[in-house]
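So, in structure tokens, the structure goes:
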């Protein structure tokens, strides 16, 4: 069976006719229906994926936020711990500094006390000895007795430095030197021989055969022998209780 239309012919098969298919209905309707169902299915899939991603994304964001909070708390805790450690260390250092300062002050006071005790009042200190220069005039023997009463003896000069120190007094004084036991054999009061000599030019000369005691005479710029009975000042020497180099 053939039907005609204004735009042309439509051929209808017998099977279609018997199947009740209206040949006037455009078959494109089925195509549009199929496309609609496909689009709807695609949209549903996209919505489901977005929902899945959204839910899991929020969960991931929450987890990430919790991790950040945990990390921040850990960092804050570490910073606080470090600050406490630093403060403790600072307090300990401050305390140690205070203790050291107190120890320095104590040692300084001890040094001052020891220094004041090195030589008695009225004595002068040089190296490891204390020296006393008298303002009186006595014979050599009397001068020595005075030194012995002071816990000292007439000075023994063992070095150029010590001799220079004594010359600074610029006073003619008895020293602990004599040859009273054996003429010409000069010895110190402790019985030792001269390890250092500073005789003035032409001395000792034993003028008149009676010059057996030694003196420092600035006018001669050195030692001189003189009569032991002459009266003049003297210098006593005694060792310091504490050697300055050991303080």
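Residue numbers (UniProt numbering): 1 to 247. Every residue gets a Cβ at the ideal spot worked out from N, C-alpha and C, and that includes glycine.
Where residue i and residue j are concerned, what is the direct C-alpha to C-alpha distance, given to the nearest angstrom?
i	j	result
residue 222	residue 167	9 Å
residue 188	residue 208	22 Å
residue 86	residue 59	40 Å
residue 202	residue 159	21 Å
residue 103	residue 80	34 Å
residue 106	residue 90	24 Å
residue 92	residue 78	21 Å
residue 82	residue 72	15 Å
residue 57	residue 70	20 Å
residue 64	residue 84	30 Å
residue 75	residue 88	20 Å
residue 193	residue 110	38 Å
Would residue i and residue j be called neighbours here (beta carbons separated by less than 8 Å)?
i	j	result
residue 162	residue 126	yes
residue 156	residue 179	no
residue 174	residue 140	yes
residue 236	residue 147	yes
residue 153	residue 176	yes
residue 232	residue 172	yes
residue 234	residue 164	no
residue 238	residue 151	yes
Which residues in the same chain have their Cβ closer than 7 Å to the Cβ of residue i, if we skip the five residues on either side of it in sequence?
i	result
residue 169	133
residue 226	211, 213, 215
residue 31	Here the model assigns residue 31 a pLDDT of 45, short of 50, so the residue's position is not dependable, and the following value carries that caveat. Counting only Cβ-Cβ distances below 7 Å, and skipping sequence neighbours, we find nothing.
residue 68	none
CB-CB under 6 Å to residue i, same chain, minus the five flanking residues each way: which ones, in chain order?
i	result
residue 185	179
residue 229	139
residue 220	200
Excluding the five sequence neighbours on either side, which residues of its own chain have a C-beta within less than 8 Å of the C-beta of residue i, listed in chain order?
i	result
residue 240	118, 119, 125, 128, 129, 130
residue 205	211, 225
residue 62	none
Any chance you could list the alpha helix (DSSP H) runs of at least 4 consecutive residues sitting entirely within the region 69-96, in chain order?
none
Any chance you could list the beta strand (DSSP E) runs of at least 3 consecutive residues sitting entirely within the UniProt domain "C-type lectin" (126-237), in chain order?
129-133, 173-178, 213-217, 222-226
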